[in-house]
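*Asks:* Below you will find the structure I want to go over with you.
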Amino acid sequence: MTSLQPFSLPPRWLPLRLLLGGLIAALLLLPFQHHDAKVLALPGPDFWLRCSSSLLVLATGLLLALCIAVIVGLRARQIGPRTEKFIALLGRALACVPVVVLTWGFISGWIGRLGWPVESLMPAQFPGSQRAPFAQALWEFLAPALLLALPLCGEMIHAVIMDGRSISNLDFSLRARGVPKASRLWLHHLNQLLPLLRVRLQSLCLIAPVYLIIIEDALHFMGWGDWMAQSLRAGGAGGIPLGFVSGAAMLALLSASLQLLPGRKKSAAGFVTTLAWQPWLLWALGILALLPTSLLSWLALWIALLLSGSAAWYHAWNHIEAALPIDAARVCGATDSMIWRDHISRVLHPMLAAWICTLFAQTLLCIAVACAMLPRLIDSLNGPLAKIYRPLALASAQDAAQTLADPTALLQSGATIALAALCLLQVSRIVKPRLS
Numbered sequence: 006m007t008s009l010q011p012f013s014l015p016p017r018w019l020p021l022r023l024l025l026g027g028l029i030a031a032l033l034l035l036p037f038q039h040h041d042a043k044v045l046a047l048p049g050p051d052f053w054l055r056c057s058s059s060l061l062v063l064a065t066g067l068l069l070a071l072c073i074a075v076i077v078g079l080r081a082r083q084i085g086p087r088t089e090k091f092i093a094l095l096g097r098a099l100a101c102v103p104v105v106v107l108t109w110g111f112i113s114g115w116i117g118r119l120g121w122p123v124e125s126l127m128p129a130q131f132p133g134s135q136r137a138p139f140a141q142a143l144w145e146f147l148a149p150a151l152l153l154a155l156p157l158c159g160e161m162i163h164a165v166i167m168d169g170r171s172i173s174n175l176d177f178s179l180r181a182r183g184v185p186k187a188s189r190l191w192l193h194h195l196n197q198l199l200p201l202l203r204v205r206l207q208s209l210c211l212i213a214p215v216y217l218i219i220i221e222d223a224l225h226f227m228g229w230g231d232w233m234a235q236s237l238r239a240g241g242a243g244g245i246p247l248g249f250v251s252g253a254a255m256l257a258l259l260s261a262s263l264q265l266l267p268g269r270k271k272s273a274a275g276f277v278t279t280l281a282w283q284p285w286l287l288w289a290l291g292i293l294a295l296l297p298t299s300l301l302s303w304l305a306l307w308i309a310l311l312l313s314g315s316a317a318w319y320h321a322w323n324h325i326e327a328a329l330p331i332d333a334a335r336v337c338g339a340t341d342s343m344i345w346r347d348h349i350s351r352v353l354h355p356m357l358a359a360w361i362c363t364l365f366a367q368t369l370l371c372i373a374v375a376c377a378m379l380p381r382l383i384d385s386l387n388g389p390l391a392k393i394y395r396p397l398a399l400a401s402a403q404d405a406a407q408t409l410a411d412p413t414a415l416l417q418s419g420a421t422i423a424l425a426a427l428c429l430l431q432v433s434r435i436v437k438p439r440l441s
């Protein structure tokens, strides 16, 4: 899974829009509810405790990803441009690895090979009467937070380097004023970068709950993600609307908390931006859980990808179109057909190619997420795709035990998907037009 796409500013009052979007998505699922189920029953204290635990894991994972990405990205900038490009590529490659592969690879290596503890799966055993309850509770939260930080860190490293190239370079003027090199990088450059990173973190909040569902389900962590995974697999519309509302509330809290970071960017306006800044992948998983298994059910996932990236590509095209010399061509006597042939089409076609490549890359990664959560969807894929994605669908305890004993098939499947997605993203970056 990856959210790497052209830069898009969020709309105003984003936390409120996220909360309203979750309520609307939950209401739209009410017609699927069985008459004998209690949709409007209030959740108990155990559910709110789960949400609080997952909110803490989400905040910790985002904070770790931000800190590691800033350190790695700025250190790469300090070394040189070639190192920057290589580190950015590594970050993008890490973001392309399916989360289910990272999670089960960690479990297989940490527990299966090394025999080290994970409190929610294999608690630590202390000799005699020695106990460390605080350490056990801390590691119980840190294990999912560290796993969540891995894919987020890959995307944030790429964002730190790419966004760092788009801001004004004050290095020469600061050097002329005698500002030390460390202050130029870690103070002035970082101050310019923080508003962009805050927007990137807000965009990651839209897909982080989907990561958390996979991680908590694999680790059996008693949180919102584990509860949501059970509701998705049950296929009933009783728990999924509640999951949408509670997930939207967590996203609203996280997005509001990110306002504390220094620096502000002007909010974007328009219905397209409002529509795009919603957790469409989470909603698509809920719809896939309710629909019968068929090839047409994947259309919901594809529509979610189209909507989630619509604002970024729309603003990118508007920026490129504004830089075209259309008015100058009209002044010189060019007709509309000549303007289309000589100016617009030459830029529009590479833009469409870049958008299609990015869409295909995100589709590959989102199919991995859907198959990990809903193994029955494997049956709707054709032969080659089903063979690639089948190791990711751990539908039973026997599949999990076999993966722990020999994770080779899982790692090979994850490497194939990551390599294909990375190649498509790189092609998209190459063919995308760039105009000043």
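With the numbering used here as the guide, the letters of the sequence shown map in order to residues 6 to 441. Using N, Cα and C, we set each Cβ at its ideal position, and we do this for glycine too.
(1) Tell me the residue span of the alpha helix (DSSP H) that contains Gly159.
(2) Please check the pair Ile112 and Ile166, which I expect to be a contact at CB under 8 Å, by giving their CB distance rounded to whole angstroms.
(3) Check whether the segment 205–222 touches the segment 152–163, counting contact only when three or more Cβ pairs, one atom from each stretch, lie closer than 8 Å.
(4) Taking Ser13 and His320 to be in contact with their CB atoms under 8 Å, please state how far apart those CB atoms are, rounded to whole angstroms.
(5) Please state whether DSSP places Pro214 in a helix, a strand or coil.
(6) Once the 5 residues before and after Val204 are set aside, which same chain residues still bring their CB inside 7 Å of it?
(7) What does a CB cutoff of less than 6 Å around Cys101 pick up in its chain, not counting 5 residues either side in sequence?
(8) Does the pairing of the segment 405–413 with the segment 113–125 give three or more beta-carbon distances under 8 Å?
(9) Ordered along the chain, which non-local residues of its own chain (more than five positions away) have a Cβ less than 8 Å from that of His193?
(10) Using alpha carbons as the reference points, say which of Pro284, Val77 and Gln83 lies closest to Lys186.
(11) With Cys337 as the anchor, note down where its alpha helix (DSSP H) starts and where it stops.
(12) Going by Cα to Cα distance, which pick from Leu95, Ala414, Leu429 and Val123 is closest to Val106?
(13) Can you pull the DSSP bridge partners for Met127?
(14) Note down, one range per segment and in chain order, each alpha helix (DSSP H) of at least 4 residues found wholly within the segment 364–408.
(15) Since Gly114 is in the alpha helix (DSSP H), which residue starts that stretch and which ends it?
(16) Report buried or exposed for Pro412, applying the criterion of at least 16 other Cβ atoms within 10 angstroms of its Cβ.
(17) Going by alpha carbons, who is nearest to Leu379 out of Leu287, Gly388 and Ala366?
(18) Which value, in whole angstroms, describes the spacing of the CA atoms of Asp41 and Ile245?
(19) Based on Cα-Cα distance, which residue from Leu266, Phe249 and Arg80 lies nearest to Gly197?
(20) Straight-line CA distance for Val44 to Gly248?
(21) At a cut of 8 Å, does the segment 255–262 reach the segment 22–29 through at least three beta carbon pairs?
(22) Taking Pro472 as the reference, give the member of Leu19, Cys376, Ala402 and Asp384 with the closest Cα.
(23) Quick one: Cα of Trp18 to Cα of Ala150, how far?
(24) So, helix, strand or coil for Pro438, using DSSP?
(25) Would you mind working out which of Ile218, Ser236 and Leu311 sits nearest Gly230, comparing C-alpha positions?
(26) Under 8 Å between the Cβ atoms of Ala289 and Leu306?
*Replies:* Here's the rundown:
(1) Segment Pro138 to Ser171, the alpha helix (DSSP H) holding Gly159.
(2) With a Cβ gap of about 31 Å, Ile112 and Ile166 do not count as contacting.
(3) yes
(4) 6 Å
(5) Helix at Pro214.
(6) Leu14, Pro15 and Lys270
(7) Thr7, Ala423, Ala426 and Leu427
(8) yes
(9) Leu175, Leu179 and Val184
(10) Gln83
(11) Premise fails: Cys337 is in no alpha helix (DSSP H) and is neither H nor E.
(12) Ala414
(13) Val123
(14) 388–394
(15) Here Gly114 belongs to no alpha helix (DSSP H), and DSSP marks it neither H nor E.
(16) buried
(17) Leu287
(18) With a pLDDT of 43 at Asp41, under the threshold of 50, the modelled position of this residue cannot be trusted, and the question is left open.
(19) At residue 197 the sequence reads Gln, which differs from the Gly that was named. Nearest C-alpha to Gln197: Leu266.
(20) Note on Val44: pLDDT 46, under 50, position unreliable in the model; the coordinate value appears next. Distance between the alpha carbons of Val44 and Gly248: 12 Å.
(21) Inter-segment contact for the segment 255–262 and the segment 22–29 is present: three or more beta-carbon pairs are separated by less than 8 Å.
(22) Only positions 6 to 441 of the chain appear in the structure, and residue 472 is not among them; the question remains open.
(23) 27 Å
(24) coil
(25) Ile218
(26) yes
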